[in-house]
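In what follows, a structure is listed as structure tokens, so that the remarks can point back to it.
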Amino acid sequence: MLAQRKGRETGSGLMDIKFTNRLSYKQARLTVLVGFILGTLLSLIQIGIDYASEDASINREVQALLQISHNPASRIAYNIDAELALELTRGLLQSPAIIRARLIDNNDTVLADVQRARLEDRYRPLSDFLFGELRQFQERLYLAHMPNEYLGTLYLDVDTYAFGGRFLDRAGITLINGFARSLVLTGILLALFYMMLTKPLVTVIGALSGSDPRQPRQTRLECPHGHEHDEIGVLVKVANQQFVSMATEIQQRRTSDNRLTQYLNELEDIVSARTTELKASNSRLSQSNQELEEARQRALDMAQARAAFLANMSHEIRTPLNGMLGMIALALDSPLASEQRQQLSIAHDSGKVLVELLNDILDLSKFDAGQLELERIPFDIGAMVEDTANLLSQNAAQSVELTCLIASDFPSMVLGDPTRVRQIVSNLLSNALKFTRFGRVDVRLAMIVGGVSLEVRDTGIGIPEEAQARIFQPFTQAGAGITRQYGGTGLGLALTRNLCQAMQGHLHIQSEPGFGSRFSAQLPLTWHTEAIAPPPLQGRVVALSDASSGLSELLQDRLPAWGLQYQRQDTAARLDPTAIDLLITDDLDHLFELRPVFTGPILLVTAYGNFLPGEQSTSLAPLHQLARPLARNALYQTLRRTLQGQAPEHPLATPSATRYENRARILLVEDNPVNQLVAKGMLAKLGCQVQVAAQGAEALELLEQDAFDLVLMDCNMPVMDGYEASRRIRQSGRWPELPIVALTANAMPEERERCRAAGMDDYLAKPFRREELLALIDHWVPLSG
Ligand code: ADP
Numbered sequence: 022m023l024a025q026r027k028g029r030e031t032g033s034g035l036m037d038i039k040f041t042n043r044l045s046y047k048q049a050r051l052t053v054l055v056g057f058i059l060g061t062l063l064s065l066i067q068i069g070i071d072y073a074s075e076d077a078s079i080n081r082e083v084q085a086l087l088q089i090s091h092n093p094a095s096r097i098a099y100n101i102d103a104e105l106a107l108e109l110t111r112g113l114l115q116s117p118a119i120i121r122a123r124l125i126d127n128n129d130t131v132l133a134d135v136q137r138a139r140l141e142d143r144y145r146p147l148s149d150f151l152f153g154e155l156r157q158f159q160e161r162l163y164l165a166h167m168p169n170e171y172l173g174t175l176y177l178d179v180d181t182y183a184f185g186g187r188f189l190d191r192a193g194i195t196l197i198n199g200f201a202r203s204l205v206l207t208g209i210l211l212a213l214f215y216m217m218l219t220k221p222l223v224t225v226i227g228a229l230s231g232s233d234p235r236q237p238r239q240t241r242l243e244c245p246h247g248h249e250h251d252e253i254g255v256l257v258k259v260a261n262q263q264f265v266s267m268a269t270e271i272q273q274r275r276t277s278d279n280r281l282t283q284y285l286n287e288l289e290d291i292v293s294a295r296t297t298e299l300k301a302s303n304s305r306l307s308q309s310n311q312e313l314e315e316a317r318q319r320a321l322d323m324a325q326a327r328a329a330f331l332a333n334m335s336h337e338i339r340t341p342l343n344g345m346l347g348m349i350a351l352a353l354d355s356p357l358a359s360e361q362r363q364q365l366s367i368a369h370d371s372g373k374v375l376v377e378l379l380n381d382i383l384d385l386s387k388f389d390a391g392q393l394e395l396e397r398i399p400f401d402i403g404a405m406v407e408d409t410a411n412l413l414s415q416n417a418a419q420s421v422e423l424t425c426l427i428a429s430d431f432p433s434m435v436l437g438d439p440t441r442v443r444q445i446v447s448n449l450l451s452n453a454l455k456f457t458r459f460g461r462v463d464v465r466l467a468m469i470v471g472g473v474s475l476e477v478r479d480t481g482i483g484i485p486e487e488a489q490a491r492i493f494q495p496f497t498q499a500g501a502g503i504t505r506q507y508g509g510t511g512l513g514l515a516l517t518r519n520l521c522q523a524m525q526g527h528l529h530i531q532s533e534p535g536f537g538s539r540f541s542a543q544l545p546l547t548w549h550t551e552a553i554a555p556p557p558l559q560g561r562v563v564a565l566s567d568a569s570s571g572l573s574e575l576l577q578d579r580l581p582a583w584g585l586q587y588q589r590q591d592t593a594a595r596l597d598p599t600a601i602d603l604l605i606t607d608d609l610d611h612l613f614e615l616r617p618v619f620t621g622p623i624l625l626v627t628a629y630g631n632f633l634p635g636e637q638s639t640s641l642a643p644l645h646q647l648a649r650p651l652a653r654n655a656l657y658q659t660l661r662r663t664l665q666g667q668a669p670e671h672p673l674a675t676p677s678a679t680r681y682e683n684r685a686r687i688l689l690v691e692d693n694p695v696n697q698l699v700a701k702g703m704l705a706k707l708g709c710q711v712q713v714a715a716q717g718a719e720a721l722e723l724l725e726q727d728a729f730d731l732v733l734m735d736c737n738m739p740v741m742d743g744y745e746a747s748r749r750i751r752q753s754g755r756w757p758e759l760p761i762v763a764l765t766a767n768a769m770p771e772e773r774e775r776c777r778a779a780g781m782d783d784y785l786a787k788p789f790r791r792e793e794l795l796a797l798i799d800h801w802v803p804l805s806g
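For what it's worth, the numbering used here labels the leading residue of the sequence shown as 22, then goes sequentially.
And the structure:
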């Protein structure tokens with residue numbers, strides 16, 4: 022109802038068309054305007070024609086008057102009759118147009134001159150404008166039988182207003198008539214247009230605006246009577262057709278809307294059913310999640326407990342083991358029968374393997390318990406790799422060439438954890454050496470984007486593809502016979518990969534059975550100090566070595582970079598001895614044949630075990646021997662010495678015990694009697710005098726009594742521990758220069774920090790080797806003289 026009323030209101034609103042906006046008015050206005058303009062134009066033409074004829078009729082009428090007056094006036098002039106002349110002129114003045122008449126004889130004597138006032142009126146100026154104010158006429162007077170005898174002249178002044186007034190009246194009527202006709206025409210046209218156009222249109226619009234498209238059946242427009250076949254009839258028909266198609270469409274839409282609503286309802290039902298199901302499975306899932314979380318927590322707790330147990334156990338096992346190893350090492354230094362030496366060596370080697378195994382197990386358990394912490398300090402990774410390779414070179418098989426290839430632009434220092442990087446190098450390298458019987462083992466170091474690439478390549482037995490993923494699992498080997506043939510625990514690679522991952526790096530493997538393996542660790546160690554190029558060398562160096570050897574690759578990379586002229590030859594056949602300053606060779610077999618050909622200095626690069634004994638090397642002089650793998654610094658110093666005759670900048674330290682008695686006075690603070698014995702034995706071998714204190718308080722007493730060069734302080738001791746003792750020594754202020762070195766089994770950064778905070782200067786991780794102890798003593802108690 023409301024909608025209908027609204028529609029009707031809207032319809033009547035539509036019908037409120039302003040009169041001036043209506044079509045009928047507009048059409049009538051247009052027609053009338055055109056009619057009016059045309060009518061006016063025609064009236065004006067008519068007036069124009071009238072004007073022309075009126076203008077001509079003035080002259081015509083006056084001429085007629087003059088002709089009528091000609092004869093009487095001629096006779097009057099002939100007779101010179103003034104009285105008649107006056108009568109004639111007065112008679113002429115009777116004409117409404119003549120305002121002055123004058124008759125003159127042939128002597129110019131005025132016979133009569135009469136005039137009257139002209140007519141004044143408000144339209145006069147217009148008439149004067151159109152016809153002129155005054156027109157003058159004159160007639161020459163003569164008698165008909167004496168046409169050549171001039172008798173006088175008749176002058177007439179004509180007032181044009183008599184004609185102009187008439188003309189203006191007529192023109193006014195013509196115009197008014199035209200306007201009146203236009204007005205009547207407008208009225209008639211307006212009525213006609215309204216009846217024929219506006220009214221039927223208004224009816225159709227009314228019907229259209231009153232119709233409701235949502236009820237199409239009722240919406241059928243009636244055609245106004247008499248318009249069935251004209252444009253309005255067509256309009257109504259088209260509108261009716263549109264209504265029908267709209268009705269069909271609306272019907273279809275309604276049907277599909279209904280279907281959609283039905284589908285939506287069904288969908289809602291399905292969704293709510295699914296939601297209920299999901300809720301149920303969600304709650305099941307969260308319950309099992311909770312159970313899983315509990316299980317995970319239990320597993321973590323167990324792993325931590327296992328790690329703690331392992332840590333304690335390994336510490337407990339390691340202490341007696343260190344004692345045992347130390348004692349065996351001491352025994353090995355004493356004079357022994359060869360059989361006893363061999364037995365003790367085997368015991369010592371087995372002990373070392375046991376210690377390494379323990380370390381690996383401890384490290385792995387630290388990973389499991391998430392206890393592994395990494396350091397970030399600057400260290401020379403190149404030198405570290407060379408040192409490690411040098412240490413492990415004794416494991417290399419006789420026909421294996423071990424080479425360290427360090428990129429010449431490699432930085433001299435990087436930031437990272439040196440202990441852990443050393444572990445990675447040592448694990449990969451010891452595997453490569455273990456599984457390679459002949460060929461090459463190379464360690465390569467290069468800078469890559471975002472870090473360092475450490476690569477260990479070998480030409481060993483290789484690893485089958487299916488085993489490559491497995492070998493990173495703890496206690497797993499590539500094949501069944503590996504342990505039997507090569508030994509090993511299967512922990513090294515697991516640990517190495519864990520270490521790489523802990524450093525945010527990656528460990529990749531490429532291997533082919535029978536051809537060798539390539540392990541590449543990419544570690545994000547940042548650059549700290551750039552590579553320092555040593556002063557350039559001068560000389561011509563020739564290498565006699567196979568093109569495929571590691572030595573050739575190393576020399577080719579290094580020697581030109583150090584400024585040397587370098588050349589490689591396969592054999593000595595085409596050697597020009599005069600053009601060589603130094604000959605480098607790794608061919609031990611042909612050395613003796615070479616000597617007669619070339620008398621200059623020769624550098625023999627070979628495995629440490631293959632070094633020529635004293636008398637042989639003297640017979641081949643000048644001969645220098647360098648052990649594989651060649652370290653960059655050792656090679657540089659040898660070249661420098663040989664080519665330029667200069668002494669090395671840092672001559673290698675030789676064990677000082679043999680050179681010096683009473684090397685240093687050392688206070689050893691250690692509660693464990695075995696450790697006491699081991700350390701004491703080692704220090705004695707190094708030429709040191711040792712006094713032992715079993716705990717901190719005893720150490721303080723001994724310090725009061727005697728002077729010492731160095732204190733070796735165990736950290737965990739009964740009565741007074743190492744930290745407290747160090748603090749007291751420093752607090753007393755009596756021995757400010759005395760170096761205190763912590764002996765600790767735990768080399769973690771926080772432990773070192775704790776030692777430093779207690780006033781200790783350095784630390785030595787237990788178990789320590791004799792070389793480490795010597796290096797430490799050399800550092801803190803330098804030899805004078
Ligand atoms: P293991 O102490 O047995 O060497 P690792 O975890 O270091 O333990 O190595 C696991 C296994 O991976 C080895 O037993 C060996 O089968 C294989 N493997 C590791 N490195 C090499 C290599 N360079 N060449 C051939 N096989 C290797």
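Even glycine gets a Cβ: it sits at the ideal position worked out from N, Cα and C. Remember, predicted model here, so these are calculated numbers, not experimental data.
Anticipated Cβ contact below 8 Å, residue i with residue j, distance rounded
| i | j | result |
| --- | --- | --- |
| residue 473 | residue 544 | 5 Å |
| residue 126 | residue 157 | Their Cβ separation, rounded to whole angstroms, is 19 Å, which puts residue 126 and residue 157 out of contact at 8 Å. |
| residue 664 | residue 646 | Not a contact, Cβ separation roughly 17 Å. |
| residue 15 | residue 435 | Any answer about residue 15 is impossible in this case: the structure gives the chain only from 22 up to 806. |
Residue i and residue j closer than 8 Å at C-beta
| i | j | result |
| --- | --- | --- |
| residue 660 | residue 794 | no |
| residue 346 | residue 369 | yes |
| residue 72 | residue 151 | yes |
| residue 784 | residue 773 | yes |
| residue 517 | residue 381 | no |
| residue 479 | residue 538 | yes |
| residue 365 | residue 349 | yes |
| residue 475 | residue 542 | yes |
| residue 858 | residue 362 | Because the chain in this structure spans residues 22 to 806, residue 858 falls outside the shown range and cannot be described. |
| residue 609 | residue 625 | yes |
| residue 735 | residue 692 | yes |
| residue 356 | residue 551 | no |
Chain-order list of residues whose beta-carbon lies under 8 Å from that of residue i (same chain, five-residue window excluded)
| i | result |
| --- | --- |
| residue 533 | 483 |
| residue 87 | 158, 160, 175, 177 |
Which of helix, strand or coil DSSP assigns to residue i
| i | result |
| --- | --- |
| residue 470 | coil |
| residue 802 | coil |
| residue 500 | coil |
| residue 630 | helix |
| residue 598 | helix |
| residue 422 | strand |
| residue 402 | helix |
| residue 431 | coil |
| residue 529 | strand |
| residue 583 | helix |
Opening and closing residue of the alpha helix (DSSP H) in which residue i lies
| i | result |
| --- | --- |
| residue 178 | Residue 178 -> not in any alpha helix (DSSP H); beta strand (DSSP E) instead, spanning 173-180. |
| residue 11 | The question about residue 11 has no answer here: the residues shown for the chain are numbered 22 through 806. |
| residue 521 | 513-523 |
heavy atom of the ligand SAH below 7 Å from residue i C-beta
| i | result |
| --- | --- |
| residue 750 | Because the ligand SAH does not appear in the structure shown, any question about it cannot be addressed here, the ligands present being the ligand ADP. |
Run of the beta strand (DSSP E) containing residue i, from where it starts to where it stops
| i | result |
| --- | --- |
| residue 731 | 731-735 |
| residue 156 | 155-162 |
Spatial neighbours of residue i in its chain, beta-carbon cut-off 6 Å, leaving aside the 5 residues before and after
| i | result |
| --- | --- |
| residue 714 | 690, 720, 723 |
| residue 455 | 507 |
| residue 41 | none |
| residue 540 | 449, 477, 530 |
| residue 491 | 497 |
| residue 695 | 344 |
| residue 519 | 388 |
7 Å Cβ shell around residue i - same chain, five flanking residues per side excluded
| i | result |
| --- | --- |
| residue 748 | 779, 780 |
| residue 309 | none |
| residue 644 | 623, 625, 638 |
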